[in-house]
Amino acid sequence: MARDTVVRAALELLDEVGLDGLSVRRLADALGVRNPALYWHFRNKQELLDEMTRALLAPGMGGPRAGETWQEWLTRRAHRYRSVLLSHRDGARLVAGSDPGPGVARAFEEELRVLTGLGFTPGQALHTIASVSHYTTGFVLSEQAARSPGSEVDLEELPLLVAGVREGGPPGGDEAFAFGLRAIVTGVAAALEDAGQA
Numbered sequence: 000m001a002r003d004t005v006v007r008a009a010l011e012l013l014d015e016v017g018l019d020g021l022s023v024r025r026l027a028d029a030l031g032v033r034n035p036a037l038y039w040h041f042r043n044k045q046e047l048l049d050e051m052t053r054a055l056l057a058p059g060m061g062g063p064r065a066g067e068t069w070q071e072w073l074t075r076r077a078h079r080y081r082s083v084l085l086s087h088r089d090g091a092r093l094v095a096g097s098d099p100g101p102g103v104a105r106a107f108e109e110e111l112r113v114l115t116g117l118g119f120t121p122g123q124a125l126h127t128i129a130s131v132s133h134y135t136t137g138f139v140l141s142e143q144a145a146r147s148p149g150s151e152v153d154l155e156e157l158p159l160l161v162a163g164v165r166e167g168g169p170p171g172g173d174e175a176f177a178f179g180l181r182a183i184v185t186g187v188a189a190a191l192e193d194a195g196q197a
């Protein structure tokens with residue numbers, strides 16, 4: 000059985016049972032094989048999770064399109080990353096708890112090279128991409144988190160919260176994500192301008 004077949008099946012099983020329900024035994028049952036057949040490819044569950052993360056992240060990495068500014072590129076990159084995380088149940092938890100490995104690290108190096116080629120210092124490039132990535136992961140973690148019913152709240156006691164939701168929508172979802180992302184990208188641009196690098 001091919002390694003990528005196992006990873007695809009694991010991602011399908013993740014959608015069915017979630018990260019907490021995913022196990023090598025359950026995956027073996029889904030594939031109609033015995034556990035040792037999977038241990039041929041992965042020594043333990045964490046290695047499987049790491050490979051699942053690589054399968055999610057690697058295809059979406061890369062530099063800007065022709066004519067795209069760094070701001071447009073990072074914005075597109077973040078929206079694509081969010082879509083990838085949301086495409087699988089517990090996608091953000093999976094990625095946050097896994098080691099993406101050397102292939103993804105090399106792709107990340109190329110992304111850093113794009114920004115340093117535009118005048119960012121290596122540290123600025125690293126912190127810019129990390130800030131966008133961490134914001135996106137955290138946002139999706141919140142979106143995918145199981146919500147337990149809260150206590151009854153009298154909305155008349157929360158007029159600003161009600162007004163805020165009416166004006167800008169709930170604090171999750173596409174509009175809220177785009178607002179926070181704009182704040183990060185605009186903040187980076189302002190910091191570069193203050194440093195005389197814009």
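Residues in the sequence shown are numbered consecutively from 0, following numbering that gives the first Met the number 0. Think of the CB as a built atom: it goes at the ideal place given N, C-alpha and C, for glycine as much as any other residue.
Exposed unless 16 or more other CB atoms sit within 10 angstroms - verdict on residue i
i: residue 159; result: exposed
i: residue 182; result: exposed
i: residue 138; result: buried
i: residue 24; result: exposed
i: residue 81; result: buried
i: residue 120; result: exposed
i: residue 180; result: buried
Secondary structure of residue i, DSSP reduced to three states
i: residue 32; result: coil
i: residue 179; result: helix
i: residue 101; result: helix
i: residue 65; result: coil
i: residue 86; result: coil
i: residue 125; result: helix
i: residue 78; result: helix
i: residue 70; result: helix
i: residue 115; result: helix
Beta-carbon proximity of residue i to residue j, cut-off 9 Å
i: residue 102; j: residue 65; result: no
i: residue 97; j: residue 135; result: no
i: residue 196; j: residue 143; result: no
i: residue 224; j: residue 191; result: Any property of residue 224 remains undetermined from this structure, which presents the chain solely from 0 to 197.
i: residue 55; j: residue 94; result: yes
i: residue 0; j: residue 30; result: yes
i: residue 35; j: residue 113; result: no
i: residue 169; j: residue 175; result: yes
i: residue 87; j: residue 13; result: yes
Any non-hydrogen atom of the ligand ADP closer than 8 Å to residue i Cβ
i: residue 29; result: Absence of the ligand ADP from the depicted structure is noted, as is the absence of any ligand whatsoever, leaving it without description.
* **Validate contact between the segment 169-189 and the segment 74-82 using beta carbons, cut 8 Å, 3 pairs** => Touching, per the Cβ criterion.
* Given 8 Å, three or more beta-carbon pairs between the segment 35-53 and the segment 8-25 -> yes
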